[in-house]
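Take a look at the structure below.
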Amino acid sequence: MSGLTAKGAATKARIVRTATDLILERGVGGMTLDEIRAGTATSKGQLFHYFPDGKRDLVAAIAEFQSGRVLEAQRPWLDQLDSWESWHGWRDAVIAHYRTLTHLHCSISALITELTPADPALAATVAAHADRWFDHLAAGVQKMRAQRRINPAADPHRLAMMVFTALQGGLLVMQAKNAIEPLEAALDGALLALESHRI
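Numbering that gives the first Met the number 0 puts the first residue of the sequence shown at 0, with every later residue one more than the last.
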């Protein structure tokens, strides 16, 4: 929001928040700029002032906003992940966050899947936010190995990828089933697998 006045920054943030709820509820294809304008009481000129490339810029801003919101919901556990207690606390925080949502398109991965065929460059930008999530998990596994809480012979990157893949798969099935149980099962299975390397 560099170069914007305080009022302009607040207007842009309001547009992004409203658009996030719409796009996560309806998907990228189900959201129109006219709906965003109506939902935010924003003129066409204002919308293109804040988002010169229109929907493309808006989706990128939504991905950044939603990624920050999801990561924040997992704190402080996400920044620790240096004990079994913190891993289970993280699991509970993820479940608690998604349990409160009513959106069908509630994961960054869902946005990537929807965007990839139409706009690979934008999909890559959105995917970078998912990579940030993975990086937190990878850092946590590294800490666990360094503290000899897991077998030092284990591959930290592979273990983190196992947890992250289970997480993302759980989110996608949760979306398809419109139920939290697939996410719970996926995370419980991932943590059991991680704990199989426990010393």
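Beta carbons: idealized from backbone N, C-alpha and C, even for Gly.
This one's a predicted model, so the numbers in the text were calculated from it and none came from an experiment.
query: According to DSSP, is ARG147 helix, strand or coil?; result: coil
query: Note down, in chain order, each residue of its chain lying with its Cβ closer than 7 Å to the Cβ of GLY53, except the 5 sequence neighbours on either side.; result: LEU32, PHE47
query: Within the continuous alpha helix (DSSP H) that includes ILE22, where are the two ends?; result: 5 to 25
query: With DSSP as the reference, please indicate the residues paired to ARG197 in a beta bridge.; result: ILE149
query: Could you tell me whether the segment 127 to 146 touches the segment 154 to 164, using the rule of 3 or more Cβ pairs below 8 Å?; result: yes
query: Shortest alpha-carbon distance to ARG98 belongs to which of ALA72, GLN141, GLY168?; result: ALA72
query: Once you ignore the five residues that flank PHE50 on each side, which residues in its own chain have a CB closer than 6 Å to its CB?; result: ASP56, LEU57
query: May I have the straight-line CA-CA distance separating LEU166 from VAL93, to the nearest angstrom?; result: 9 Å
query: Helix, strand or coil, according to DSSP, for ASP78 in the structure here?; result: helix
query: Taking the alpha-carbon positions, what's the ALA18 to ILE149 distance?; result: 42 Å
query: According to DSSP, simplified to helix, strand and coil, what is ALA178?; result: coil
query: Would you tell me roughly how many angstroms separate the C-alpha atoms of GLY88 and ALA59, rounded to the nearest one?; result: 30 Å
query: Is GLY38 helix, strand or coil when you go by DSSP?; result: helix
query: Assign GLN65 to buried or exposed, taking buried as 16 or more other Cβ atoms, counted over all protein chains shown, within 10 Å of its Cβ.; result: buried
query: Which residue's Cα is closest to the Cα of GLY139: LEU186, SER82, ALA152?; result: SER82
query: Taking the Cβ atom as the reference point for each residue, do HIS96 and ALA153 lie within a distance shorter than 7 Å?; result: no
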